[in-house]
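Accompanying notes for the structure given below.
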Amino acid sequence: MPSLIETIAATVHELATPEMKPKNLIKAVREKYPDAKKQDIVRAAFYAVISRADADPEKADRLQAMAIRERNADADDCKPATKKPPRKRKAALAKAEAKAD
């Protein structure tokens, strides 16, 4: 029995056309699979690219471009990690030594 990603990948492959925008493809897939998350559809697009790259290279290129764009769009929505300033260990050690003396 195929997994959900494999099933969605087959649908993505069927629905994708050269002039279709990623948002329209995602919307079309969600019509068939209303509970599918965008992340699942993007993963399925990557799966479709990998599993069918030899059969239709042009379609594989379009699906890959869509999947990369959508994955990057999700990454842009995330907040960047903030770095904490480095600890001042030398100052803390000197303070501890001063107290010990």
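One gets our numbering by counting positions in the sequence shown from 1 and adding 401 to each.
Built from N, CA and C at the ideal position, the CB exists for glycine as well.
Being a predicted model, the structure only gives us computed values, none of them experimental.
CB of residue i within 8 Å of CB of residue j, strictly
{"i": "residue 406", "j": "residue 427", "result": "no"}
{"i": "residue 471", "j": "residue 423", "result": "yes"}
{"i": "residue 430", "j": "residue 418", "result": "no"}
{"i": "residue 437", "j": "residue 450", "result": "no"}
Cβ-based burial, residue i [other Cβ within 10 Å; buried from 16]
{"i": "residue 409", "result": "buried"}
{"i": "residue 464", "result": "buried"}
{"i": "residue 445", "result": "buried"}
Near the ligand SAH: residue i beta-carbon under 7 Å from a heavy atom
{"i": "residue 445", "result": "Questions concerning the ligand SAH fall outside what the structure shown contains, since it holds no ligand whatsoever."}
Endpoints, alpha helix (DSSP H) assigned at residue i
{"i": "residue 411", "result": "405 to 416"}
Neighbourhood of residue i by C-beta distance below 6 Å, restricted to the same chain and skipping five residues each side
{"i": "residue 448", "result": "406, 410"}
Cut-off 7 Å between Cβ atoms - residues of its own chain near residue i, not counting five sequence neighbours on either side
{"i": "residue 454", "result": "461"}
{"i": "residue 433", "result": "412"}
Same chain, Cβ closer than 8 Å to residue i, five either side skipped, listed in chain order
{"i": "residue 414", "result": "449, 453, 460, 464"}
Can you list the alpha helix (DSSP H) stretches of 4 or more residues lying completely in the segment 419 to 493, in chain order? 423 to 433, 439 to 453, 458 to 478
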